[in-house]
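Here's the structure we're looking at; comments come further down.
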Amino acid sequence: MSRRAWILFVAMSLIWGVPYLLISQAVAEVSPAVVVFARTAIGAIVLLPFARRGMRIVWEHRWPVLAFALLEMVGPWFLLSDAERFITSSLAGLLIAFAPVLALVVARIIGLEKRIGRGRIVGLVVAVGGVAALGGGGMEASGPWPVIEMMLVAVGYAVAPQVAATRLRDVPALPLTAVCLSVAALVSLPFAITTWPSEPPSALATGSLALLGLLCTALAFLLFFRLIADAGPARATAIAYVNPVVALALGVTLHGDPLTPLIGLGAVLVLAGVFMATRRSASEAEPAPSGLERTRSATPT
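In structure tokens, the structure reads:
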């Protein structure tokens, strides 16, 4: 990957390692529907005033835009917020790490990846082993359903970037993000109204919702579309391998979670696996340019 792609990769890994903790704090006081509505509505309100140019292109691609919004935002965020009522934020981050594996498989099936070299496959295996080591400290879920929800979240996160790369290549990132957030807010609004808290949430929960909307949603998606353009959808979703490390670090520093040698080993394996999985060897044939690469001039910096 290019130097800029690596900078975006690191930034996204940090930014999207934070939501698990914020969601965990928010769902302690409000419903999952309120969490989804708050973060999407805040993001939409911030971005819509700057997204007027390009709305015609968004409308011309309305069905892929709707599919992306459902696969990347509505479905996963409902499931993730609900699951975090029963599992820790650290475990949620660990389970999301399966998204890059699914993304590579999908990319290979639809032809975005012509060939997946042996080194990248080894990197994926190493990273998954690191995730297993990270979860070896007794992180348990209260029943199978939260784990199933997180696996469905991973499926959405794996497929959505493929939709962006193949069907939304002519859509500028800013209006695309604003419209998708607006769609997600409208879909979640009826559910949020019926589950609205009877008392105002605390300052901690309110601040968590605000950060989810501003940092982890509005800003994050603009950076994410740029990362897809620079590195491709499969590599872009590899940020899910670093997210568990960030989630665990926040848990250790803010919640007093233990930091065991096994967790340290897992973190090293995750980072090493990411490097291997996102580095294309010289023997691999270059895939056809992803569609979003042709829209870099229309994508905001």
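Going by numbering that gives the first Met the number 0, the first residue of the sequence shown is number 0, and it counts up by one from there.
Glycine included, each C-beta is placed from N, C-alpha and C at the ideal position.
Pick from the options that is closest to residue i, judged by C-alpha positions
i: residue 180; options: 268, 67, 26, 229; result: 67
i: residue 69; options: 195, 229, 163; result: 163
i: residue 224; options: 177, 182, 267, 209; result: 177
i: residue 51; options: 175, 267, 189; result: 175
i: residue 226; options: 172, 262, 244, 242; result: 172
i: residue 183; options: 9, 40, 4, 26; result: 40
i: residue 167; options: 62, 198, 270; result: 62
i: residue 155; options: 197, 94, 121; result: 94
i: residue 145; options: 78, 71, 122, 242; result: 78
i: residue 132; options: 242, 273, 266; result: 266
Backbone CA spacing between residue i and residue j [nearest angstrom]
i: residue 200; j: residue 28; result: 6 angstroms
i: residue 45; j: residue 212; result: 9 angstroms
i: residue 264; j: residue 128; result: 10 angstroms
i: residue 31; j: residue 81; result: 5 angstroms
i: residue 191; j: residue 36; result: 7 angstroms
Range of the contiguous alpha helix (DSSP H) that encloses residue i
i: residue 59; result: 54 to 59
i: residue 110; result: Segment: none, residue 110 is in no alpha helix (DSSP H) and carries neither H nor E.
i: residue 25; result: 18 to 25
i: residue 224; result: 219 to 230
Where residue i falls: helix, strand or coil (DSSP)
i: residue 86; result: coil
i: residue 7; result: helix
i: residue 181; result: helix
i: residue 201; result: coil
i: residue 1; result: coil
i: residue 336; result: Limits of the chain in this structure are 0 at one end and 300 at the other, which puts residue 336 out of reach.
i: residue 154; result: helix
i: residue 39; result: helix
i: residue 276; result: helix
i: residue 259; result: coil
i: residue 15; result: coil
Sub-7 angstroms separation of residue i and residue j beta-carbons
i: residue 104; j: residue 161; result: no
i: residue 246; j: residue 23; result: no
i: residue 125; j: residue 268; result: yes
i: residue 11; j: residue 222; result: yes
i: residue 71; j: residue 159; result: yes
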